[in-house]
Every structure is written in structure tokens, then in C-alpha cells.
Amino acid sequence: MTLTEFQARTVEAFGTLRADHLVRSHHLAACGGRTAREAIDAGESVKRVWLALCDEFEVPEHLR
Numbered sequence: 335m336t337l338t339e340f341q342a343r344t345v346e347a348f349g350t351l352r353a354d355h356l357v358r359s360h361h362l363a364a365c366g367g368r369t370a371r372e373a374i375d376a377g378e379s380v381k382r383v384w385l386a387l388c389d390e391f392e393v394p395e396h397l398r
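Right under this line is the structure:
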């Protein structure tokens with residue numbers, strides 16, 4: 335998954351404003367307590383970060 339795909343999927347799943355807020359402020363347990371932005375910047379797989387967001391927010395399967 336590319337960063338562009340990640341951004342598009344977060345907007346599709348959460349809406350523009352909420353997606354940006356979640357990526358910058360929600361700490362993901364599956365990513366060591368880092369935010370999505372911090373995890374990606376630290377080299378975490380974009381797909382792994384996306385799936386962590388999906389799991390924590392129970393994103394429907396068809397949007398994953």
C-alpha cells in the first residue's frame with residue numbers, strides 16, 4: 335500500500351476532517367502507542383498502520 339492509497343482510504347472510511355485528526359492524534363496500540371503519522375514516519379509499513387486503524391475503529395471489511 336502506498337501513502338497515497340492510505341490517505342485515500344482514511345478519507346473514505348472516516349471523512350476528510352476526522353481522517354486527518356485520527357492520523358495525527360490517535361495512538362495505536364498495535365503500533366507501539368504511536369500515532370499513525372509517527373508510525374509511518376518511523377518506517378512502519380503503511381499497510382500495517384492502516385490495518386491497525388481499521389481494527390481499532392472497526393472499519394467494515396469492504397473499506398479495508
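If you number the sequence shown the way the numbering used here does, the last residue is 398 and the count never jumps.
From the three backbone atoms N, C-alpha and C, an ideal C-beta is built for every residue, glycine too.
Using only the heavy atoms of the ligand GDP, determine whether one of them is closer than 6 Å to the beta carbon of residue i.
{"i": "E346", "result": "The ligand GDP is absent from the structure shown, which contains no ligand whatsoever."}
Strictly by DSSP, which residues pair up with residue i?
{"i": "H396", "result": "Paired residue(s): none; H396 is not in a bridge."}
{"i": "H361", "result": "T369"}
Use the C-beta contact count for residue i: other C-beta atoms within 10 angstroms, 16 or more gives buried, fewer gives exposed.
{"i": "R398", "result": "exposed"}
{"i": "T338", "result": "exposed"}
Measuring alpha carbon to alpha carbon, tell me which residue in the options is nearest residue i.
{"i": "H396", "options": "M335, E346, Q341 and H355", "result": "E346"}
{"i": "D375", "options": "E390, V357, C388 and D389", "result": "V357"}
{"i": "H355", "options": "L387, E392 and G366", "result": "L387"}
{"i": "A353", "options": "P394, A364 and R371", "result": "R371"}
{"i": "A363", "options": "F340, R382, R343 and G349", "result": "R382"}
Taking just the CA atoms, how far does residue j sit from residue i?
{"i": "S379", "j": "T336", "result": "9 Å"}
{"i": "W384", "j": "T344", "result": "8 Å"}
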